[in-house]
Amino acid sequence: AVTLKIHHQIREDDEALFGFATARERQFFQSLLGITGIGPKLALAVLSGLTPRELAAAIAEGDVRRLSSISGVGKKTAERIIVELKDKVDPLEALAGRGGEAEEAPPALRDAILSLVALGNKAEDARAMAQAAYEKNPKASVQDLIRLALRK
């Protein structure tokens, strides 16, 4: 049996169903539809060009080049996607999209990374800072990991 996550779109003159393998794909699709100038066709092109994790990484890093490499996405559209969705992207998902090991990280390390991102650090920098602190003291609390990471 196959299970799909469905987005049902109803317009004045049209009705369409879009199926996705994961809820995250559907969530990105719906977020992309909320951006001016992006319709279902372009949103599908974006999700066909990048996995949700890769898309999250490109958005978190502000990687206009990566997004504009997708057919139908120009520089301005890529910039609009980044601006509109930057606050909606999970930093840990973005790290995983860049080959990070955020999902396998211990809870204290994951929380430290999230906190460092919330303090304004880029996701990759936050991971590197927290990882260095964790390697010095693997039994440290989240607060201690953050303090150690910020000392550098």
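Going by our numbering, the first residue of the sequence shown is number 18, and it counts up by one from there.
Glycine is no exception: its CB is placed at the ideal position from the N, C-alpha and C atoms.
In this text, all values refer to a predicted model and were calculated from it rather than measured experimentally.
May I ask which residues mark the beginning and end of the beta strand (DSSP E) holding Arg67?
Working through the sequence shown from its first residue, we reach residue 67 at position 50. A small correction: the amino acid at residue 67 is Leu; Arg does not occupy that position in the sequence shown. That residue, Leu67, is in no beta strand (DSSP E); it is neither H nor E in DSSP.
What would DSSP say about Leu34, mapped onto helix, strand or coil? Here residue 34 corresponds to residue number 17 of the sequence shown, with the count starting at 1. Leu34 falls in the strand class under three-state DSSP.
Check whether the stretch 82-99 touches the stretch 144-152, counting contact only when three or more Cβ pairs, one atom from each stretch, lie closer than 8 Å. Too few Cβ pairs lie closer than 8 Å, so no.
Review point. If you follow the alpha helix (DSSP H) that Lys153 is part of, which residue opens it and which one closes it?
Key: Residue 153 sits at position 136 when you count from the first residue of the sequence shown. Residues Ala140 to Lys153.
Classify Asn154: buried if its beta carbon has 16 or more other beta carbons within 10 angstroms, exposed otherwise. Here the question's residue 154 lines up with position 137 in the sequence shown. Under a 10 Å Cβ-count criterion, Asn154 is classified as exposed, with fewer than 16 other Cβ atoms of the shown protein chains found around its own Cβ.
- Item | Rounded separation between Gly56 and Phe45 - CA only | What you label residue 56 is simply residue 39 of the sequence shown in a count that begins at 1. What you label residue 45 is simply residue 28 of the sequence shown in a count that begins at 1. Going from the Cα of Gly56 to the Cα of Phe45 covers about 13 Å.
Determine the burial state of Ile27: buried for a count of at least 16 other Cβ atoms within 10 Å of its Cβ, exposed for fewer. In the sequence shown, residue 27 corresponds to position 10, counting from 1. The residue is exposed, with fewer than 16 neighbouring Cβ atoms inside 10 Å.
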